[in-house]
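The listed protein sequences correspond, in order, to chains A and B.
Just so you know, the first sequence maps onto residues 8 to 441 in this note's numbering.
Just so you know, the second sequence maps onto residues 288 to 549 in this note's numbering.
Glycine included, every Cβ here is placed at the ideal spot set by N, Cα and C.
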Amino acid sequence: MTRPKTHRFDTLSLHAGARPDPATGARATPIHQSASFVFPDADHAAALFNMERAGHVYSRISNPTCAVLEERVAALEGGVGAIATASGQAALHLAIATLMGAGGHVVASRALYGGSHNLLEYTLPRFGIATTFVDPRDADAWRAAIRPETRLLFGETLGNPGLDVLDVPRVAELAHEHGLPLLVDSTFTTPWLMRPFEHGADLVFHSATKFLSGHGVVIGGVLVDAGTFDWDGVRSRGKFPTLTEPYSGFHDMVFAEESTTAAFLLRARREGLRDFGACMAPMTAWQILQGIETLPVRMQRHVENTRRIVAFLAGQPMVAAVRYPERPDHPDHALAQRLLPRGCGAVFSVDLAATREQGRRFIESLRLFSHLANVGDAKSLVIHPASTTHFRVPAQDLARAGIAEGTIRLSIGLEDPEDLIEDLSRALHAAGKA
Amino acid sequence: MRVGVDGREVYCYTGTRAVDPARPTIVFVHGAGNDHSVFALQSRYFAHHRRNVLAVDLPGHGRSAGPPLGSVEAIADWVAGLLDAAGIGEAALVGHSLGALAALEAAARHPSRITRIALLGPAIPMAVADALLEAARVDDHVAFELIAGWSHSPARQIGGNPVPGMWMMGQTLRLMERSRPGALYSDLRACQAYANGLAAARDVRCPALLVVGARDLMAPPKAAQGLAAALAEKRVTTLPECGHAMMAEQPDAVLDALAAFL
C-alpha cells in the first residue's frame with residue numbers, strides 16, 4: 008500500500024516551523040527583537056486585529072521567532088499548535104485559566120513539582136479554583152475525586168522527584184469518560200521519550216527551561232494542544248463555556264465554532280496571552296530553538312549516562328534506595344517499559360542511609376555536580392528537595408510524594424559518565440566520614 | 288447559524304454576524320473530509336466587510352446532521368436548497384476542491400441563484416488515487432495521512448505557518464480525524480465520479496475565478512486548464528509554491544484573490 012511520506016522526529020527537531028529568512032536568506036531563525044509589526048494599510052491592520060488575516064501585531068500576542076518555536080514543539084508532540092510562555096508555570100496557569108474560572112475544580116496527581124503544587128494548593132484557591140490531589144497510581148482515586156465542577160485532570164509524565172510514571176492512557180480514558188481533558192506536564196520526558204498525545208492526553212506543557220533548551224540558560228514554557236478534545240461533545244457539553252459560548256471580549260466569538268481543532272489555543276492566545284501577558288521573549292525562543300536542534304542526540308546521551316549512574320549508586324552501601332523506573336524494584340517499572348521504551352529520562356532520586364549532616368556533606372563534596380534548583384541541564388545537577396524545591400509542602404504530603412529527609416534528586420548531564428561516577432564516589436566517601 | 292435543509296439541520300458559520308437580507312451573500316463550500324473551519328480567515332473577512340457569509344458544514348460533516356450527499360450534483364442542488372432555507376435569493380459561491388466542483392455544477396444548474404463562482408483547487412476530472420480511495424473505504428488512518436502529505440507543498444510540510452504557532456500538518460490531520468466514518472470515502476467517490484465538469488463549465492453564465500496552487504498534487508494545475516478554457520467569463524490566479532491546502536498555506540493570497548473578484 009502507498010504510505011505517506013512525512014518528516015521524522017530528528018528532522019523535525021532541526022527544521023519544523025523554520026525556513027530561510029525570505030528577506031535576508033539567513034539560514035538560522037532570526038531573533039525578531041521587535042515589540043510591534045508594521046501594518047501595510049489600515050484595512051490590513053483591522054483585519055489582523057479581527058482575525059481575518061494571519062500575521063503578527065504585537066509581541067505579547069505573537070512574535071515570529073516565538074512562532075517558530077511554537078510550531079516546532081507542536082510538530083514534535085504531534086499537536087495542532089502551541090503557545091510559548093514566560094515559564095512552565097505560566098503555561099500551566101494559562102491552561103487552567105483558559106478552561107475555567109471561579110468555581111472550577113482540578114483533579115491533580117499529588118506527585119508534582121513543588122511550584123505546580125503551590126499554584127494549585129495555595130494560589131488558585133484565592134481565585135476560586137480548587138484542586139483535589141490524588142495518588143497518581145490509584146485510578147479509583149482519580150475517579151472519586153471528579154466532581155460536577157471538575158474541568159481538568161492533571162499530572163506529570165514522570166512525577167517530581169520520585170519518578171512516578173503517569174498511566175497516561177488510563178487517566179486519559181477516565182477523563183474522557185467524564186467529558187474532561189487531561190493535561191500533562193511532559194518536562195521530564197520531552198517528546199523524544201514520550202508523545203503523550205499518542206496515549207490520549209489532550210494538552211501538554213513543558214518547562215522549556217529544562218531538556219528542551221537543554222543548557223540551563225533561559226526560563227520558558229510551551230503549552231501544546233493535541234486538537235483532539237471535543238469541547239462541545241456529548242459528555243463535555245456545557246462544561247467549557249469559555250470555548251463554546253460567545254466571548255464578549257472578542258466580538259462574541261465562539262472559539263469552538265471559529266476553529267474546529269484549535270479552539271483552546273485561540274482562546275488562550277486571544278485572551279490569556281493578551282490579558283495576563285506571560286509571553287516569551289524572542290531571544291528566549293531562539294535559545295530554546297538552538298537546544299531543540301540537538302534534543303534527540305542529547306536525550307539519548309542523557310539516558311545512557313543516567314543508566315550508568317543509577318547502576319553505580321544502586322551498589323553503594325550508603326544508598327538505601329534508587330528511584331528510577333527502569334529498575335525492576337520501581338513500582339512503575341512495567342508501566343515505564345510500556346510507555347517509555349526509549350528510557351526514563353535523566354532525573355531520578357536516591358535516599359541516602361545517612362544523617363542530615365552526612366547528606367549535607369555529600370552534596371557539598373560534589374565537584375562536578377552543581378548544587379542548584381533546576382534539572383535538564385547539559386551539566387549534572389543535584390538538590391535536596393525537602394529543604395528546597397518542596398520546602399513548602401507539609402511533611403505528610405512530602406511522604407506521600409515519595410520524598411524523605413534523606414532524598415537527593417539528581418539530574419544527569421552530558422559529562423563523561425566515568426567522571427561523574429568518580430565525583431559521586433568521592434562525595435559518598437566524604438559523607439561516610441562525617 | 289442553523290437552518291433546516293431537506294429536513295436535516297445544517298450548521299453555517301456566519302462570522303458571528305446575523306444574516307442581513309439587504310447585503311450580498313457568499314456561500315463557502317468545503318472539500319472532502321473537511322468542514323467550514325478551513326475558510327476561517329477568509330469567511331470571517333467577508334462577514335466583517337459588508338457581506339452575509341454562510342460557511343457551511345456539508346451534511347454528514349462537522350456540526351451538520353445527516354449522511355454525506357454522495358455526489359457533486361446532489362451537493363449543487365443542496366446549495367440551492369440552503370439558499371431557500373436561509374431566505375436568500377442569490378449568492379456567490381466559493382468552493383474548495385470537492386466544494387469547487389459543487390460550486391461549478393450549482394452555477395450551471397441554478398443560474399438564477401448563483402451570481403459568481405470562485406473555484407479553489409479545482410480539477411476536471413478530479414482523479415483520486417486508488418490507494419487513497421481504498422484507504423478511505425476501509426476508514427484507514429492512512430487516508431488522512433496521504434491527504435495531509437499530498438495537500439501541502441514541500442515547504443509547508445516543514446512549517447512556516449502564516450498563523451502564528453500553528454502546525455499545519457497537525458491541523459489537517461486532526462480535522463479529518465474528526466470526520467465521521469465513511470464521510471471521506473463518500474466525498475472522494477463524489478469527486479472521482481463527477482463527469483459533468485466540462486459540460487457544466489460551458490453552461491455557466493456567471494463570472495468565474497479559478498485559484499490554482501502551482502504545487503498542488505491533489506488538483507494539479509494542468510487539470511484546471513480544460514476547465515478554464517470551457518468557462519466563458521473567467522479569471523485564473525496561480526499561487527506560486529502553493530499546495531492544495533491553499534487557504535491554510537497562503538491565506539492572504541487566497542483572500543486577496545477572492546476580494547478582488549467578489
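Residue i lies in the alpha helix (DSSP H); which residues open and close that run?
i: Thr105/A; result: Gly95 to Leu106
i: Gly368/B; result: Val359 to Ala373
i: Phe548/B; result: Pro538 to Phe548
i: Leu405/A; result: Ala402 to Arg407
i: Val175/A; result: Val175 to Glu184
i: Thr72/A; result: Pro71 to Glu84
i: Val429/B; result: Val429 to Ser438
i: Arg368/A; result: Arg363 to Ser372
i: Leu342/A; result: His340 to Leu346
i: Ile445/B; result: Pro441 to Ile445
i: Thr198/A; result: A small correction: the amino acid at residue 198/A is Pro; Thr does not occupy that position in the sequence shown. Taken as a continuous stretch (DSSP letters only), the alpha helix (DSSP H) holding Pro198/A covers Thr197 to Leu200.
i: Trp149/A; result: Ala146 to Ala152
Opposite residue i in the DSSP bridges: which residues?
i: Ile316/A; result: Per DSSP, none; premise fails for Ile316/A.
i: Cys299/B; result: Val343/B
i: Asp358/A; result: Ala328/A and Thr414/A
i: Ser116/A; result: Val141/A
i: Phe315/B; result: Ala342/B and Val381/B
i: Ile401/B; result: Ala378/B
i: Tyr332/B; result: None, per the DSSP bridge assignment.
i: Val172/A; result: Leu165/A
i: Thr157/A; result: His112/A
i: Tyr65/A; result: Ser43/A
Candidates the options: which alpha carbon is nearest residue i's?
i: Ala215/A; options: Asp17/A, Arg79/A, Ala411/A and Ser243/A; result: Arg79/A
i: Gly439/A; options: Leu342/A, Leu190/A and Ala360/A; result: Ala360/A
i: Ile410/A; options: Phe398/A, Val241/A and Ala53/A; result: Phe398/A
i: Glu371/A; options: Ile299/A, Ala208/A, Arg433/A and Gly186/A; result: Arg433/A
i: Ala363/B; options: His348/B, Ser351/B and Pro398/B; result: Pro398/B
i: Asp490/B; options: Leu518/B, Ser358/B and Arg465/B; result: Leu518/B
i: Phe355/A; options: Ser418/A, Asp192/A and His213/A; result: Ser418/A
i: His309/A; options: Ala208/A, Phe195/A, Ser116/A and Thr13/A; result: Phe195/A
i: Ala93/A; options: Ala406/A, Gly207/A and Ala288/A; result: Ala288/A
i: Asp293/B; options: Val450/B, Val541/B, Cys493/B and Leu356/B; result: Leu356/B
i: Ala367/B; options: Gly349/B, Asp417/B and Glu392/B; result: Glu392/B
i: Phe326/B; options: Val290/B, Ile401/B and Thr459/B; result: Thr459/B
i: Val290/B; options: His323/B, Pro354/B, Gln329/B and Leu370/B; result: Leu370/B
i: Phe369/A; options: Arg407/A, His183/A and Ala441/A; result: Ala441/A
i: Gln365/A; options: Leu106/A, Ile415/A, His124/A and His337/A; result: Ile415/A
i: Gly162/A; options: Phe319/A, Val400/A, Val114/A and Phe262/A; result: Val114/A
For residue i, name the three-state secondary structure that DSSP assigns.
i: Leu190/A; result: strand
i: Lys509/B; result: helix
i: Gly162/A; result: strand
i: Leu219/A; result: coil
i: Gly256/A; result: helix
i: Ala410/B; result: coil
i: Ser266/A; result: coil
i: Cys286/A; result: strand
i: Thr18/A; result: helix
i: Met453/B; result: strand
i: Tyr481/B; result: coil
i: Thr36/A; result: coil
i: Ser43/A; result: strand
i: His378/A; result: strand
Within the continuous beta strand (DSSP E) that includes residue i, where are the two ends?
i: Gly228/A; result: Gly228 to Asp232
i: His213/A; result: Leu210 to Ser214
i: Ile90/A; result: Gly88 to Thr92
i: Thr524/B; result: Lys521 to Leu526
i: Leu497/B; result: Ala495 to Gly500
i: Gly291/B; result: Arg289 to Val292
i: Leu388/A; result: Leu388 to Ile390
- prompt: What residues from the segment 311–330 of chain B come within 7 Å of chain A, judged by C-beta to C-beta, listed N to C?
  reply: Asp322, Ser324, Ala327 and Leu328
- request: For the segment 449–465 of chain B, enumerate the residues whose C-beta is nearer than 8 Å to any C-beta of chain A, in chain order.
  value: Pro449, Val450, Pro451, Gly452, Met453, Trp454, Met456, Gly457, Gln458, Arg461, Leu462, Glu464 and Arg465
- prompt: Between the segment 247–275 of chain A and chain B, which residues of the former have CB atoms less than 8 Å from a CB of the latter, in chain order?
  reply: Pro253, His258, Asp259, Met260, Val261, Glu264, Glu265, Ser266, Thr267, Thr268, Ala269 and Leu272
- request: Determine which residues of the segment 464–497 of chain B have a Cβ less than 7 Å from any Cβ of chain A, and write them out in chain order.
  value: Arg465
message: Closer than 8 Å between beta carbons: that is the criterion. Which residues of the segment 508–541 of chain B meet it against chain A?
response: Pro538 and Asp539
query: Of all the residues that make up the segment 21–32 of chain A, which are near chain B by a beta-carbon distance shorter than 8 Å?
result: His22, Ala23, Gly24, Ala25 and Arg26
task: Would you list, in chain order, the members of the segment 89–110 of chain A that have their beta-carbon closer than 8 Å to a beta-carbon of chain B?
output: Ala89, Ile90 and Ala91
message: Counting only Cβ-Cβ distances shorter than 7 Å, please list the residues of the segment 338–356 of chain B near chain A, keeping chain order.
response: Gly349
field: Proximal residues, the segment 231–243 of chain A versus chain B, C-beta separation under 7 Å
entry: Gly234 and Thr235
- prompt: Between the segment 391–412 of chain B and chain A, which residues of the former have a C-beta closer than 9 Å to a C-beta of the latter?
  reply: none
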